[in-house]
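Remarks on the structure that follows.
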Amino acid sequence: MAEKFGVWGEKSMYGKKYMGIVRSAFLIDEKGKIEQAWYKVSPKDTPANLLKALGK
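Residue numbers for the sequence shown, in the numbering used here: 1014 to 1069.
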């Protein structure tokens, strides 16, 4: 499922590369359709990006 959503990818920490879940955010409508997706997001910036996408 992670590959289907595009959230499985290469990461690195302390110079070591490995595969894992890439931090992502999704805006999903009331019917369950993905309206917008963000990948390699920052926890600090994600709430503002979601509010902007919602027009708030």
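Glycine is no exception: its CB is placed at the ideal position from the N, C-alpha and C atoms.
Hey, would you say Met-1014 sits closer than 8 Å to Glu-1023, going by beta carbons?
-> no
Between the CA atoms of Ala-1038 and Thr-1059 - distance to the nearest angstrom | C-alpha separation (whole angstroms): 7 Å.
Give the straight-line distance between the Cα atoms of Gln-1049 and Leu-1040, rounded to the nearest whole angstrom.
-> 5 Å
Would you call the CB atoms of Lys-1057 and Val-1035 closer than 8 Å?
-> No, they are not a contact pair.
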